[in-house]
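Take the working numbering: the last position of the sequence shown gets the number 386, and nothing is skipped along the way.
Before any comments, here is the structure.
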Amino acid sequence: MIAIGCDHGGLNLKTAIISYFEKKGIKYIDFGTYTADSVDYPTFAYRVAKSIQNGECERGILCCGTGIGISITANKIRGIRAAVCTNEFMAEMTRRHNDANILCMGGRVIDEKTAVKLTKIFLSTEFEGGRHSKRINMIEEIEDKE
241 MIAIGCDHGG LNLKTAIISY FEKKGIKYID FGTYTADSVD YPTFAYRVAK SIQNGECERG
301 ILCCGTGIGI SITANKIRGI RAAVCTNEFM AEMTRRHNDA NILCMGGRVI DEKTAVKLTK
361 IFLSTEFEGG RHSKRINMIE EIEDKE
């Protein structure tokens, strides 16, 4: 199950990604927002991040104007590794090397076609493990200290 959410600045990307999910039969939970009315991104980042933390969803997609604010909020939740990506290389490497579990994108930064492409890459790329696992463990140790 994939969690997806956005604020008003990312609604266009979320709509395009959901259309892709529906065409491909990918199961998802839409945590909002549902209109272009101005809303506060922390609400939606929190909902998506918590659904991953509690095991309801495996990975998440978050969209706002730039992807930055929504990623900062999601990364406050223990166990979340949310990454802002703007190109294919970033979407692939954040999975391969960082085991990111939330992809963040900005509706004022990339277009819908790119967002769908990055989503496909993010969802189909596996974590390499190996030397990268040590770094993920280090991140978790920092979380434990805080």
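Where a beta carbon is used, it is the ideal one built from N, C-alpha and C, also for glycine.
All values reported here derive from a predicted model rather than from experimental measurement.
So, at 6 Å on beta carbons, what are the nonlocal neighbours of residue i in its own chain, with the 5 sequence-adjacent residues on each side left out?
i: G300; result: A243, V288, I292 and I342
i: G250; result: C303, C304 and G347
i: V279; result: D247, H248 and T273
Just curious, the beta strand (DSSP E) that residue i is in, first and last residue?
i: V324; result: A322 to V324
i: I244; result: I242 to C246
i: I269; result: Y268 to D270
Just to confirm, are residue i and residue j a CB contact at a threshold of 9 Å?
i: A285; j: T313; result: yes
i: L358; j: M330; result: yes
i: T326; j: M345; result: yes
i: E332; j: I361; result: yes
i: M241; j: Y260; result: no
i: G245; j: K254; result: yes
What are the start and end residues of the alpha helix (DSSP H) that includes residue i?
i: D384; result: R371 to K385
i: K290; result: Y281 to Q293
i: F362; result: E352 to S364
i: A256; result: L251 to K264
i: E368; result: Careful: E368 lies outside any alpha helix (DSSP H) and carries neither H nor E.
At a threshold of 8 Å, does residue i count as lining the ligand COA (C-beta to nearest heavy atom)?
i: D270; result: No copy of the ligand COA appears in this structure; indeed no ligand is present at all.
Just list the residues that DSSP pairs residue i with in beta bridges.
i: A304; result: Per the sequence shown, the amino acid found at residue 304 is Cys instead of Ala. DSSP output for C304 lists G346 as bridge partner(s).
i: A276; result: According to DSSP, which records beta bridges pairwise, A276 is partnered with nothing at all.
i: R217; result: No statement about residue 217 is possible, as the shown extent of the chain runs from 241 to 386 and does not include it.
Between which residues of its own chain and residue i is the CB-CB distance below 7 Å, once the five residues before and five after are set aside?
i: K387; result: Since the first residue of the chain shown is 241 and the last is 386, residue 387 is not available in this structure.
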